[in-house]
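Each residue of the sequence shown is one higher than the one before, counting from 278 in the numbering used here. For glycine and all other residues, C-beta sits at the position ideal for the given N, C-alpha and C. Here the structure is laid out as structure tokens; the discussion comes afterwards.
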Amino acid sequence: MLIKQLSVFLENQTGRINQVTDILGRYNINMTAFSVAEGSEFGILRLIVPNPEVAKEVLKENGFMSTITDVICLITPNSPGALAKALNLLAEEGVFIQYMYAFSAGETANVVIKPNNLERCASILHEHRFDVLKQDGGYQI
């Protein structure tokens, strides 16, 4: 199952991330996961939000450029070696990971993955019965 990730392009200036979080907060849009990638002149704030299309429109109205990208959110036990099992399997099957970020909550870890081939990655994870997160926060095996 693929989920939608919102990527917001930010100039490297003090307060730009604050502005994004303020705007999302005013519109009652919760960020369930995020990551910041830094470049020399700009950064990319990657977000998982319940409704990325609405968040994109709200940010556009406030002068922020963003895109929506399909990603996979793998759910693994929050224990040593659990993520390695999935990543080793994907590597053996020739799936390249372009980037990823993770967050954990109690006994589970959620890993947002942007592979080079989304459909193949999803198929391999499904075939090997790994859990993935759905956009609405539910799980799918």
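Rounded Cβ spacing between Pro329 and Leu364 (contact assumed at less than 8 Å): Their Cβ separation, rounded to whole angstroms, is 25 Å, which puts Pro329 and Leu364 out of contact at 8 Å.
Note down the Cα distance separating His405 from Val326, rounded to an integer number of angstroms. 27 Å
Check this for me: beta carbons of Leu287 and Leu324, under 7 Å apart or not? no
Whole-angstrom distance between Ile352 and Val409, CA atom to CA atom: 5 Å
Do you know how far the Cα of Gly302 is from the Cα of Asn339? 13 Å
Are the CB atoms of Asn387 and Phe373 nearer to each other than 7 Å? no
Straight-line CA distance for Gly383 to Phe319? 34 Å
Enumerated in chain order, which unbroken segments of the alpha helix (DSSP H) with a length of 4 residues or greater are wholly contained in the stretch 354 to 389? 359 to 369
Three-state secondary structure (DSSP) at Pro329? helix
By Cβ distance below 7 Å, which residues in the same chain neighbour Ile418 in space, the five residues on each side in sequence not counted? Confidence in Ile418 is poor, its pLDDT being 44 and thus under 50, which makes the residue's placement unreliable; the coordinate value appears in the next sentence. Result list for Ile418: Arg406 and Asp408, in chain order.
Specify, as a first and last residue, the run of the alpha helix (DSSP H) that Gln290 falls within. Per DSSP, Gln290 belongs to no alpha helix (DSSP H) and is neither H nor E.
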